[in-house]
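Here the sequence shown stands for residues 371 to 457, numbered as in the working numbering. Structure first, then comments.
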Amino acid sequence: MVSQKVKITNPTGLHLRPAGIFSNIANKFECRITFEYENSIANAKSVLSILGAGIKSGDEILLICEGEEEEKALKAMIEAVESGLGE
Numbered sequence: 371m372v373s374q375k376v377k378i379t380n381p382t383g384l385h386l387r388p389a390g391i392f393s394n395i396a397n398k399f400e401c402r403i404t405f406e407y408e409n410s411i412a413n414a415k416s417v418l419s420i421l422g423a424g425i426k427s428g429d430e431i432l433l434i435c436e437g438e439e440e441e442k443a444l445k446a447m448i449e450a451v452e453s454g455l456g457e
């Protein structure tokens, strides 16, 4: 298991379009990818879970990757978030 905190920097938070990008990247990897936000854990591979978390710009999440490609997955997810998820 690997994990790292990352701040959501895109101006609108994780609304539908960036949530879709976030989920698509997570689904590329053979491992479990979740994130912790405000004492709840959500599935990063599910757009509905991401949207349900209500993450806004400036919020910080803890990305958690467990499994075969965990290191590669964590790196890709962090890069995507830091690049603004397409916005």
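Idealized CB from N, CA, C, for every residue including glycine.
Could you have a look at residue i and say whether DSSP puts it in helix, strand or coil?
| i | result |
| --- | --- |
| Ser410 | strand |
| Ser416 | coil |
| Leu444 | helix |
| Ile431 | strand |
| Ser393 | helix |
Across which residues does DSSP place residue i in a beta bridge pair?
| i | result |
| --- | --- |
| Gly333 | With the chain covering 371 to 457 only, the question about residue 333 has no answer from this structure. |
| Ser453 | For Ser453, which the question treats as bridged, DSSP gives no partner whatsoever. |
Under 9 Å between C-beta atoms, does residue i make it to chain C?
| i | result |
| --- | --- |
| Asn409 | No chain C is part of this structure, which consists of one protein chain only. |
Roughly how many angstroms separate the alpha carbons of residue i and residue j, rounded to a whole number?
| i | j | result |
| --- | --- | --- |
| Ala412 | Glu457 | 22 Å |
| Lys442 | Ile425 | 24 Å |
| Val372 | Cys435 | 5 Å |
| Leu421 | Tyr407 | 12 Å |
| Glu439 | Ser453 | 21 Å |
| Asn394 | Lys445 | 15 Å |
| Gln374 | Leu433 | 5 Å |
Can you list, in chain order, the residues of its chain with a C-beta nearer than 6 Å to that of residue i? Leave out the 5 residues immediately preceding and following it.
| i | result |
| --- | --- |
| Gly428 | none |
| Ala396 | Ile403, Ala414, Lys415 |
Among the residues of its own chain, which have a CB less than 7 Å from the CB of residue i, if the five just before and after it don't count?
| i | result |
| --- | --- |
| Ile391 | Ala450, Leu455, Gly456 |
Please work out which residues of its chain come closer than 8 Å, Cβ to Cβ, to residue i, disregarding the five sequence neighbours upstream and downstream, and give them in chain order.
| i | result |
| --- | --- |
| Cys401 | Cys435, Glu436, Gly437, Glu438, Glu439, Glu440, Ala443 |
| Ser419 | Ala412, Asn413 |
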